[in-house]
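According to numbering that gives the first Met the number 0, the sequence shown is numbered sequentially starting from 0.
All C-beta atoms in this analysis are idealised placements derived from N, C-alpha and C, irrespective of residue type, glycine included.
Owing to the predicted nature of the structure, the values given are computational and were not obtained by experimental measurement.
A short worksheet on the structure shown next.
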Amino acid sequence: MNKISRTITGVVMIFGGLFLIGVGIFNWGSEGVWVAWMYGVLTFVLGWFVLLNNKEDKIEEINYSKGGKK
Numbered sequence: 000m001n002k003i004s005r006t007i008t009g010v011v012m013i014f015g016g017l018f019l020i021g022v023g024i025f026n027w028g029s030e031g032v033w034v035a036w037m038y039g040v041l042t043f044v045l046g047w048f049v050l051l052n053n054k055e056d057k058i059e060e061i062n063y064s065k066g067g068k069k
């Protein structure tokens, strides 16, 4: 995943997670709020992981320098 697609995916996941957490906050007292919280927190954490993962870019640089796929 290159930097642009990683950034877009990470930002969308972070905002999606924040949206689900917000849905859980504003629907406090309803049944199923824990589902919104669970998916919201999971999506938020995965979004940060995707956004800050630089290891894949280093692997692609190594492949390009060795004459791998382009």
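Taking the alpha helix (DSSP H) that Gly15 falls in, what are its first and last residues? For the purposes of this step, residue 15 is taken as residue 16 along the sequence shown, with counting starting at 1. Note, Gly15: alpha helix (DSSP H), 2-25.
Work out the CA separation of Ile20 and Val40 for me, nearest whole Å. Counting from one through the sequence shown, the residue named residue 40 turns up at place 41. Counting from one through the sequence shown, the residue named residue 20 turns up at place 21. For Val40 and Ile20, the distance between alpha carbons rounds to 7 angstroms.
Cα-Cα, which of Phe43, Lys54, Asn53 is closest to Val11? Position 12 of the sequence shown holds residue 11. Checking every option, the nearest Cα to that of Val11 belongs to Phe43.
Use the C-beta contact count for Gly28: other C-beta atoms within 10 angstroms, 16 or more gives buried, fewer gives exposed. In the sequence shown, residue 28 corresponds to position 29, counting from 1. Exposed.
Is the separation between the beta-carbon of Asn13 and that of Leu50 shorter than 8 angstroms? Here residue 13 corresponds to residue number 14 of the sequence shown, with the count starting at 1. Here residue 50 corresponds to residue number 51 of the sequence shown, with the count starting at 1. It should be noted that the sequence gives Ile, not Asn, for residue 13. Their beta carbons are under 8 angstroms apart, which means Ile13 touches Leu50 by this criterion.
Tell me, please, whether the CB atom of Trp47 is closer than 8 angstroms to any CB atom in chain C? No chain C is part of this structure, which consists of one protein chain only.
Exposed or buried, Gly9, counting other C-beta atoms within 10 Å across all chains shown (16 or more means buried)? As a first step, residue 9 must be located in the sequence shown, where it is residue number 10. It counts as buried.
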